[in-house]
Amino acid sequence: MKQHKILVIDDEKEICSLLKSYFEDEGYAVHCSYDGEEGLKQVKSFDPSIILLDIRMPGMSGLEVLKKIKELTSAPVLCVSAMVDNEMVAECLKNGAFAYILKPVDLKGLNESIQTALKEQP
733 MKQHKILVID DEKEICSLLK SYFEDEGYAV HCSYDGEEGL KQVKSFDPSI
783 ILLDIRMPGM SGLEVLKKIK ELTSAPVLCV SAMVDNEMVA ECLKNGAFAY
833 ILKPVDLKGL NESIQTALKE QP
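Residues in the sequence shown are numbered from 733 upward in steps of one, following the numbering used here.
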């Protein structure tokens with residue numbers, strides 16, 4: 733069975749560390765990037781199966797990163813944010829996000845969302 737690869741793009745290192753630890757224990761290969769620019773480089777070099785993208789980051793916004801990711805890969809992107817902002821949710825979905833997930837994340841629920849997104853990939 734193919735090992736799926738998750739790219740986490742989030743400026744909060746503690747969140748990245750938590751997600752990396754949890755999903756590696758679940759059998760995924762996980763890479764973390766702490767800003768949008770580095771995340772875009774990782775999209776090219778790591779070739780992730782799925783991407784978890786924080787929306788609020790310094791520098792390049794998550795929405796900008798999402799638009800650029802969709803130019804580079806067809807991998808599903810799950811946007812993650814502590815913001816409850818209906819306009820942002822709509823923008824993310826309009827720009828190709830598979831889902832918009834609120835922080836704090838329920839890891840089991842996030843894993844289920846990832847599995848659903850991966851099943852829908854061609």
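Virtual Cβ for every residue (Gly too), placed ideally from N, Cα, C. Fair warning: this is a prediction, and the values are worked out from it, not measured in the lab.
Minimum Cβ-Cβ distance from residue i to chain C less than 8 angstroms
i	result
tyrosine 754	Absent from the structure is chain C; it holds one protein chain and no more.
Residue i (DSSP reduced to helix, strand or coil)
i	result
aspartate 817	coil
aspartate 767	coil
valine 762	strand
alanine 849	helix
valine 797	helix
valine 775	helix
glycine 791	coil
lysine 734	coil
Bridge partners - residue i, DSSP secondary structure assignment
i	result
alanine 822	In DSSP, alanine 822 forms no bridge with anything.
alanine 831	Leu810
Cβ-based neighbour list, residue i, same chain, cut-off 6 angstroms, excluding 5 preceding and 5 following
i	result
glycine 759	none
glycine 794	Leu785, Asp786 and Ile787
glutamine 774	Leu739, His763 and Ser765
cysteine 824	Cys811 and Tyr832
alanine 761	Gln735 and Lys737
Terminal residues of the beta strand (DSSP E) in which residue i lies
i	result
aspartate 757	From DSSP, aspartate 757 is part of no beta strand (DSSP E) but of the alpha helix (DSSP H) over 745-757.
valine 740	737-741
isoleucine 782	782-786
Residue i Cβ short of 7 angstroms to the ligand COA heavy atom set
i	result
glycine 841	This structure simply doesn't include the ligand COA, nor any ligand for that matter.
Residues near residue i by beta carbon distance below 8 angstroms, same chain, minus five either side
i	result
leucine 850	His736, Ser781, Ile782 and Pro808
methionine 789	Ile741, Asp742, Asp743, Asp767, Gly768 and Val797
Cutoff 7 angstroms; reference residue i; Cβ partners in own chain excluding five residues on either side
i	result
aspartate 842	Residue identity check: residue 842 is leucine in the sequence provided, not aspartate. So the list reads Ile833, once near-sequence residues are dropped.
phenylalanine 830	Pro808, Val809, Leu810 and Ala849
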